[in-house]
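The sequence shown: position 131 = 131 (the UniProt record's numbering), numbered continuously.
Beta carbons are placed, not taken as given, at the ideal position from N, Cα and C, and that holds for glycine.
Encoded as structure tokens, the structure appears first; notes follow it.
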Amino acid sequence: MEEVIAAYKESYDLPENALLLTFDDGYIDHYLYVMPALKEYGMQGSFFVPGKIIEERTLLDVNKIHFILASSNIQVLLRDLFKKLDYYRGREFYFPSNEELFAEYAVANRFDCKEVVFFKRILQVVLPERLRSKIASEMFEEHVGIREEIFARELYLNYDQMKYMKKKGMYFGIHGYDHYWMNMLSLDELKQDITRALICMDELVDSNCWVINYPYGSYNDDVIDCVKSMGSILGVTTDLGIVDLNTCHPFKLPRLDTNDFPPKSNTYLKFRYY
């Protein structure tokens, strides 16, 4: 990552067919399996960890949703979700009917069918934060059945492991604190989220020159202006593509996902240039 930063700041020449490997969300697998494999091949990984999992050792809603989806059929989960929406609608929380919500947010993407996208969107960003977190916790308890604090302890990196990875040459950037959709936050909320993340990552990240990896790929011009003003030097997105240093905006760097390679797909072939 330091070479990519130098390429943007100092006209540093990257090697031909340069490869940057990024790993999101701070999973324990990154310490147990990814880092040893990278070291074996003499490679660096860039890791982006939400501050909350370090500071509070709590299970993020994004991961509650992942494991709920892995635990049962999507039709069963949708039925349960609709029941909960019906129960909470009008009880302090006000939001459209199930039919209206589904019509607006059930749109398939390159990763998921429309039903899964709908389920994720409702519990990630559409509902008020307190309600979506409450429903996610309820459904995690009902469908996964493991205490969240135990699950979090086994799922995520801890700070000592991250410091060891840093010592071994791995790079760490910022992935927010709460893993919010950043483009949905007010400016004050965004600044608070980034500030808390920087405090958590103080020993791992240079607060005057850091890389942002937008949670869910959620960014806009206001987000970019904010992170730049707080010391960020580059921004990593979930936009599909390969970085061209001559044309890519430094805060809109695209990536290829693991799902863009076999056995999941051959999407990567669209971007071959060698």
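For residue i, tell me which candidate among the options has the shortest Cα-Cα distance.
| i | options | result |
| --- | --- | --- |
| ASN109 | ASN183, TYR159, PHE118 | PHE118 |
| LEU81 | ARG132, THR238, LEU253, CYS248 | ARG132 |
| MET165 | HIS30, ASP13, ASN17 | HIS30 |
| LEU32 | SER218, GLU154, ASP202, PRO263 | GLU154 |
| GLN161 | ARG121, GLU203, ASP244, GLN75 | GLU203 |
| ILE65 | GLU55, ARG57, LEU77 | LEU77 |
| LEU253 | LYS167, PRO263, THR238, LEU19 | THR238 |
| ARG130 | TYR88, LYS83, ALA103 | TYR88 |
| TYR216 | ASP257, PHE102, SER186, VAL34 | ASP257 |
| PHE271 | HIS249, ASP244, LEU14, ASN158 | ASP244 |
| VAL205 | HIS249, GLU189, LYS163 | LYS163 |
Hey, residue i and residue j are a contact pair by Cβ (cut 8 angstroms); roughly how many whole angstroms apart?
| i | j | result |
| --- | --- | --- |
| LEU156 | ILE242 | Note that residue 156 is Tyr in the sequence shown, not Leu. Contact doesn't hold; Cβ gap of about 30 angstroms is too wide. |
| PHE23 | GLY45 | 6 angstroms |
| ILE5 | ILE224 | 16 angstroms between Cβ atoms; not a contact. |
| ASN220 | ASN183 | 5 angstroms |
| ALA197 | TYR177 | 4 angstroms |
| MET1 | VAL211 | 6 angstroms |
| ALA152 | ARG57 | 6 angstroms |
| PRO128 | PHE93 | 6 angstroms |
| ASN259 | PHE111 | 6 angstroms |
Residue i bridges to which residues according to DSSP?
| i | result |
| --- | --- |
| SER232 | TRP210 |
| ARG255 | LEU240 |
| PHE47 | PHE23, PHE172 |
| ARG89 | PHE93 |
| TYR156 | TYR27 |
Tell me which residues share the same chain as residue i and place their Cβ nearer than 8 angstroms to its Cβ, disregarding the 5 neighbours each side in the sequence.
| i | result |
| --- | --- |
| ASP61 | LEU123, GLN124, ARG132, SER133, ALA136, HIS179 |
| LYS9 | ILE233 |
Who are the near neighbours of residue i in its chain, counting only those whose CB is closer than 6 angstroms to its CB and skipping five residues on each side?
| i | result |
| --- | --- |
| residue 283 | No statement about residue 283 is possible, as the shown extent of the chain runs from 1 to 274 and does not include it. |
| ASP25 | none |
| ALA106 | LYS114, PHE118 |
| GLU138 | none |
| CYS209 | ILE233 |
If the criterion is Cβ atoms closer than 7 angstroms, does the pair residue i and residue j meet it?
| i | j | result |
| --- | --- | --- |
| GLY173 | ASN213 | yes |
| SER207 | GLY231 | yes |
| ILE74 | VAL126 | no |
| LEU240 | GLU148 | no |
| PHE261 | HIS175 | no |
| GLU55 | CYS200 | yes |
| SER218 | TRP181 | yes |
| ILE28 | PHE140 | no |
Taking 7 angstroms as the limit between beta carbons, can you name the residues of its chain near residue i, skipping five residues before and five after?
| i | result |
| --- | --- |
| TYR12 | GLU3, ALA6 |
| LEU85 | ASN98 |
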